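Notes follow the structure.
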Amino acid sequence: MMRRNVAIIGCGQTKHGRLRNVNTAEMISEAAWNAMEDAKVTPDEVEAIVVGNMQGFGGIYDTELWAGELFGAPKPFLRITTGGTTGGSVAHGGYYSVASGLHDVVLAVAWEKHSDSKERGATTGLAHVAMANMFHDLQQGASLKWLVSLVTGAAIGVSAFQASCYMYRSGCKVEHLDMVAAKDRRNAAKNEYAHLRWPNCTPEDIAKTEWVSYPLRFGHVCPASDGASAVVFAEEKIAKKKAERPAWIKSVAAYADEPNWLGENSQGTAITDLSEQLECIISAKEAYRRAGIKDPRKEIDMAEIYQPFPHQELMFSERLDLFDDGKAWIALEEGQTEIDGSMPLDPSGGVISTNAIGSSAMQRVLECALQIMGKAGKHQVPKDVKNAVAHGWGGSVNFTTVAVLGDSPRR
Amino acid sequence: MEKREVIKVTGLPIVAGFRWSVGKMMEKFIKSFADKKIIAAKCPKCGYTYVPPRSRCGKCYTKIEEKNLVELSGKGTLTGYTTAYVELDGKGIFLDLDNPKVIGAIKLDDSDSTIFMPLGEIDQKNVKEGIKVKVVWKEETKGEIADILYFKPAR
Amino acid sequence: MQRKIAIVGYAQTHHEADPPNTREGMVFEVAKGALDKAGITREAIDTVINVSSDYQDGRTISNLFLVMAEGAYLKDESKVEMDGAFGVLYAMMRILSGTHDTAMVVGVTQGSIFSPHQISFYTLDPTFDRQIGLLNDVAAAAIQARMYKNKYDVSDEQIAMVSVKNLVNATSNPYAHRRIPKPTVKKVLNSKLYCDPIRELNISPISDGACALILASEEKAKEITDAPVWVKGVGNCQDSYLRDRNLLKLESLETAAKKAYKMAGVKDPPTELDVAEVTERFSHEELMIYEALGLCREGKGKILIETGVTERKGQTPVNPSGGALGADPVLATGLVRIVEAAKQIRGEAGKYQIQGVRQALAHGQTGLCAQSNIVFILGGER
Amino acid sequence: MEEKQIKYKTEETIATEGEWPVGDYKYKAWKHHEEFKEGLKEKKIVGSICSGCGRVYVPPAYICGRCFRWMEERTIVSDRGIITSFVLSNPMKKGMKILGMDPVDMGIVADGEVLIPCMVKFDGSDSFVQTILLNVDPKDAKVGMRVQVVWAKEPKGQLSDIEGVEPIK
Chain A
1 MMRRNVAIIG
11 CGQTKHGRLR
21 NVNTAEMISE
31 AAWNAMEDAK
41 VTPDEVEAIV
51 VGNMQGFGGI
61 YDTELWAGEL
71 FGAPKPFLRI
81 TTGGTTGGSV
91 AHGGYYSVAS
101 GLHDVVLAVA
111 WEKHSDSKER
121 GATTGLAHVA
131 MANMFHDLQQ
141 GASLKWLVSL
151 VTGAAIGVSA
161 FQASCYMYRS
171 GCKVEHLDMV
181 AAKDRRNAAK
191 NEYAHLRWPN
201 CTPEDIAKTE
211 WVSYPLRFGH
221 VCPASDGASA
231 VVFAEEKIAK
241 KKAERPAWIK
251 SVAAYADEPN
261 WLGENSQGTA
271 ITDLSEQLEC
281 IISAKEAYRR
291 AGIKDPRKEI
301 DMAEIYQPFP
311 HQELMFSERL
321 DLFDDGKAWI
331 ALEEGQTEID
341 GSMPLDPSGG
351 VISTNAIGSS
361 AMQRVLECAL
371 QIMGKAGKHQ
381 VPKDVKNAVA
391 HGWGGSVNFT
401 TVAVLGDSPR
411 R
Chain B
1001 MEKREVIKVT
1011 GLPIVAGFRW
1021 SVGKMMEKFI
1031 KSFADKKIIA
1041 AKCPKCGYTY
1051 VPPRSRCGKC
1061 YTKIEEKNLV
1071 ELSGKGTLTG
1081 YTTAYVELDG
1091 KGIFLDLDNP
1101 KVIGAIKLDD
1111 SDSTIFMPLG
1121 EIDQKNVKEG
1131 IKVKVVWKEE
1141 TKGEIADILY
1151 FKPAR
Chain C
2001 MQRKIAIVGY
2011 AQTHHEADPP
2021 NTREGMVFEV
2031 AKGALDKAGI
2041 TREAIDTVIN
2051 VSSDYQDGRT
2061 ISNLFLVMAE
2071 GAYLKDESKV
2081 EMDGAFGVLY
2091 AMMRILSGTH
2101 DTAMVVGVTQ
2111 GSIFSPHQIS
2121 FYTLDPTFDR
2131 QIGLLNDVAA
2141 AAIQARMYKN
2151 KYDVSDEQIA
2161 MVSVKNLVNA
2171 TSNPYAHRRI
2181 PKPTVKKVLN
2191 SKLYCDPIRE
2201 LNISPISDGA
2211 CALILASEEK
2221 AKEITDAPVW
2231 VKGVGNCQDS
2241 YLRDRNLLKL
2251 ESLETAAKKA
2261 YKMAGVKDPP
2271 TELDVAEVTE
2281 RFSHEELMIY
2291 EALGLCREGK
2301 GKILIETGVT
2311 ERKGQTPVNP
2321 SGGALGADPV
2331 LATGLVRIVE
2341 AAKQIRGEAG
2351 KYQIQGVRQA
2361 LAHGQTGLCA
2371 QSNIVFILGG
2381 ER
Chain D
3001 MEEKQIKYKT
3011 EETIATEGEW
3021 PVGDYKYKAW
3031 KHHEEFKEGL
3041 KEKKIVGSIC
3051 SGCGRVYVPP
3061 AYICGRCFRW
3071 MEERTIVSDR
3081 GIITSFVLSN
3091 PMKKGMKILG
3101 MDPVDMGIVA
3111 DGEVLIPCMV
3121 KFDGSDSFVQ
3131 TILLNVDPKD
3141 AKVGMRVQVV
3151 WAKEPKGQLS
3161 DIEGVEPIK
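Protein chains in written order, with the working numbering: chain A, 1 to 411; chain B, 1001 to 1155; chain C, 2001 to 2382; chain D, 3001 to 3169.
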């Protein structure tokens, strides 16, 4: 069958941070309108809208039922949510909406408004992922010491354990995590939409911050941001008409692994290495195959990786086959992953600098599109970006979204 | 194992709390309750008037700004209603109400939105679509949503 | 459509108030059941769409722990957090794009663990309506029912007749939840009054249940089954928020239906549709659905129910399975409608089989007063 | 250092409030932990074994998603295994509040104690179990370390019968 080519023709986002002068509906619509204006389309031209966020954080159920009219309702709406990967999944939904031939122009919007939660860093929302498991374990006589160790030791959830696994697997040191964090904070300083910006940040600056729980420091941790991002997808003819240099979606893939950290109600799982990330390896392979990319290390020019914690940038760059397993830290040391390096990773500053959870994986797609369209401004990488890969990560270390974007349609 | 048995899991008394920033338009709206005023946002292009006010017209997509805010009279027409004999307890259970509540769908004069507000000082038999109603304020208003007590029939 | 798509397998649980089964157990049961029905194994599925809700399940990322039970291990997986019928739309998109050839959609809700009525309250504008604290799905529907009754002079008895029809139908559906002996108008009108004019038997029950279905591209469908049910048309639309929409009509459903009809080439729904399975969370809603689907003119829904047009023996039977009033596992409900419509086409509906069904409609909805709607047209012949 | 960081913030408008009673859900679960606890009472670690792929899940799981079948068989795995991952907490301090509790005051942990939550893969299983690494200097904690279960003196058939794990001497 003939496959339809789909491109991103416009991107929009809000500034990220603590946005207390708007309500959720206004925040979402700001990003949506920015994207529509950037794409030079009116809401009448948009045929359908795909939305998503992580509902537990903002305390509103199906926000688009209330907010939808500010950016397009009445219209077909589709809500797609998959935890940390939500934004990526929403973008994939936008892509499929057009690729299916059911629609020609589709708006995809993703958001989070953490500051609406009374708890700092939306802890209840995060704990809620495993709350049913926790209640179950307590009912089954788990000790309070175990609970305390869970809450304090693993304050940032499974990521600290994952960092431990990854460091063992790759041999990288905490110093490398400091380097990643510093690089990303510097990159974020060039991105006016980022939440946490730290010009000239050095690994030494990061190393001075306190431990959250070893091996992760406060300087390694992402903020809880408010913000929204949106992109407009269009089929080939419209894309060529509306955009000077559309960012073509060459492929998407989102494979699921077994939950890495316990199953439903704390049943055992058959996984023992949190840094293996099989679902990411397979998603990347499939995405490259669908995109016709044979050698990602040569053909991919940059990547936006979902890295709320610094070891993840290294780890996922390997799982995305941009570096050998366990060797990304060497590329980091050589400066390859810097904004002007041979394989820039997260020139936008990434999730470590800006994390409006539901929107974060969408931001990766959006940032890759900006780089291809040449619209990334101060954080534009200083080379011609022909192909870029956008990554999303979430679930219980078991969901990955991958999108391959390019400067030309898939052949 | 012939049968897979199931147990119920009870939680701890944990409540997630939220404080939703209302935005500039809603802030004006709520704060103006202090002066016993109801304001609405009138689309500068199509004229559709939203109450509570908002920043974008859903009918013609025009941006609505603070200068487009208009004051309403606090009077309106009842376009629909129901008498609620039950009420959610906040945890999902419908509890019987000793005093049933009348909920009115009200279109305020010079606005196009419908708001859903309590009705008071009214005999259930006299509740009818089309009757005129008006807002009843608390004696001392503070600029919060609770300043509106209910709507009652207007003569 | 770029490709032809067919339903090739399905399964649902017995929907009950509080069955001794876990979410995982229900999902595994239907996923496996659908595969068995299609006569294929998990390996034959390319992509899996989960339909569940973080609020309904009380688990942020509700699909996360269901990956294994729904057969999505190392599959291209995603989740739609709306009615299950929207999940089918997304699965279709994935096949239509050419990326995938087969898809499984699995929807699940356990109403017993937390009330969907409470969750409906969380959809309200948090800066105003949620603060007023009066509305929820039942109260909003009551206001709508009252407006509709007054505008079109519809009686409580006529609305009760919808409940009676669907509850009678439910008694012969082994999967239905609410199976009361000999439902009558009197029983409905004597049931507990919630929000005038809505009584207990005007409201769909709160069910635990799951449903799965398998979609395949034309080529794959032909390999898998001799009796594919083709998706001939689909359309969806979401209305404005409660304050700024016309509650007297289901406008978004009308838009959705028109789109689906156009795609399927349906010109005269009352004569061309042999059966319809719709999601009527409240009995008056079904009358409004008749109108929005073009089965009758505006305000004339009451005539269809009075004259028995939508009964099993009528010209256009609606909800022969008992509909949502018979069982409402919230997010799975729209999926169940599609499955029931497909069963009618394949002649597998048992005691409630309608004779000679060639074309069927299925409807799903999300939001207060049916704010977001989706319509499918299914057909047996090519 | 702090002042070098720029964090974006806007002015505040007023806010409205609301709640979500997350503790009021009545979840359902299998009795998998009951089976696990039965074993603990006899200082045994029970897992389920898949008849398709032979993988052993600890604690018992009911469905093998790989082979897409119920797991009916149970097996006992060793109470010795290896650390696959660990983290170090900051030293516990009197006065700190965790879920509204003061763990030092309550005698759950000692003042100044560093907790070492860890993941252990028991020999003969394909899972890791999250527990606490005990009786070791935090400096000596390592991935790959051989450990054994520290059992409660009198196991009662509850999850806390496994107090943690300690290095094998």
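Ideal placement from N, C-alpha and C gives every residue a C-beta, glycine not left out. A quick note: this is a predicted structure, and the numbers were derived from the prediction, not measured.
- Three or more pairs of CB atoms, one per stretch, sit closer than 8 Å, so the stretch 329 to 339 of chain A contacts the stretch 164 to 184 of chain A.
- Taking CB atoms only, C:GLN2110 has no neighbour in chain B less than 8 Å away.
- Contact annotation: A:HIS379 and A:ASN200 have beta-carbon atoms that are not nearer than 8 Å.
- C:ALA2349 sits away from C:THR2225, with the two beta carbons spaced by 8 Å or more.
- Of all residues in the stretch 3009 to 3020 of chain D, only ALA3015, THR3016, GLU3017, GLY3018, TRP3020 come within less than 9 Å of chain C when Cβ atoms are compared, listed by chain position.
- Against chain A, a Cβ distance below 8 Å from B:GLY1058 picks out GLU69, LEU70, ALA73.
- Using a Cβ-Cβ distance cut-off of 8 Å, the stretch 2036 to 2050 of chain C and the stretch 2064 to 2079 of chain C are in contact, since at least three pairs of beta carbons, one from each stretch, lie closer than that value.
- As a beta-bridge residue in DSSP terms, D:PRO3117 pairs with D:ILE3132.
- Of the residues assessed, D:THR3084 falls on the buried side of the cut-off, its CB having 16 or more other CB atoms within 10 angstroms.
- Around the beta-carbon of D:CYS3053, fewer than 16 other beta-carbon atoms lie within 10 Å, marking it exposed.
- Here B:CYS1046 is exposed. Its C-beta has fewer than 16 other C-beta atoms within 10 Å.
- Between the stretch 65 to 83 of chain A and the stretch 1065 to 1083 of chain B, the count of C-beta pairs closer than 8 Å stays below three; the two stretches do not touch.
- With a threshold of 8 Å between beta carbons, C:ILE2049 makes no contact with chain D.
- For the 8 Å CB-CB criterion, C:GLY2084 and C:VAL2051 form a contact.
- DSSP lists C:ALA2216 as the beta-bridge partner residues of C:THR2102.
- CA-CA distance, A:SER275 to C:GLY2209, rounds to 36 Å.
- Contact check for A:HIS220 against A:ALA181 passes: the beta carbons are separated by less than 8 Å.
- Scanning chain A for C-beta atoms nearer than 8 Å to the C-beta of C:PHE2086 yields LEU78, ARG79, reported in chain order.
- By the Cβ-count criterion, C:ILE2007 is buried, with 16 or more other Cβ atoms from all chains shown falling within 10 Å of its own Cβ.
- Per the Cβ contact rule, the stretch 1133 to 1147 of chain B is not in contact with the stretch 2143 to 2160 of chain C (fewer than 3 Cβ pairs under 8 Å).
- Burial state of B:ILE1093 is exposed, judged by a 10 Å Cβ sphere holding fewer than 16 other Cβ atoms.
- Within chain C, the residues whose beta carbon sits less than 8 Å from that of D:TYR3027 are GLY2058, ILE2113, listed in sequence order.
- Leaving aside the five residues that flank A:GLU45 on each side, the residues in its chain whose CB is nearer than 7 Å to its CB run, in chain order, VAL105.
- In the DSSP assignment, C:TYR2090 falls within the unbroken alpha helix (DSSP H) covering 2084 to 2096.
- Unbroken beta strand (DSSP E) runs of no fewer than 3 residues, entirely contained in the stretch 2160 to 2242 of chain C, are found at 2193 to 2195, 2208 to 2217, 2229 to 2238, following chain order.
- In the three-state DSSP reduction, A:TRP146 falls in the helix class (H, G or I).
- At the C-beta level, A:THR269 and D:TYR3057 come within 8 Å of one another.
- Out of A:LEU177, A:GLN13, A:MET36, the CA that lies nearest to the CA of A:MET27 is found in A:GLN13.
- Counting the other Cβ atoms within 10 Å of the Cβ of D:ARG3146 gives fewer than 16, which makes it exposed.
- With fewer than 16 other beta carbons inside 10 angstroms of its own, B:ALA1146 counts as exposed.
- The shortest CA-to-CA distance from A:SER164 to any of A:ALA256, A:TYR214, A:THR124, A:MET54 is the one to A:TYR214.
- Excluding its 5 nearest sequence neighbours in each direction, D:SER3078 has C-beta neighbours in its own chain below 7 Å: PHE3122, ASP3123, GLY3124, listed in chain order.
- The beta-carbon of C:GLU2251 is placed less than 8 Å from the nearest beta-carbon of chain A.
- With distances taken between CA atoms, D:GLY3023 lies nearest to A:ALA130 out of A:HIS16, A:ASP321, A:ALA130.
- Boundaries of the beta strand (DSSP E) around A:MET302: 302 to 304.
- Residue ranges of uninterrupted alpha helix (DSSP H) with 4 or more members, entirely inside the stretch 22 to 72 of chain A and ordered along the chain, are 24 to 39, 55 to 58, 63 to 67.
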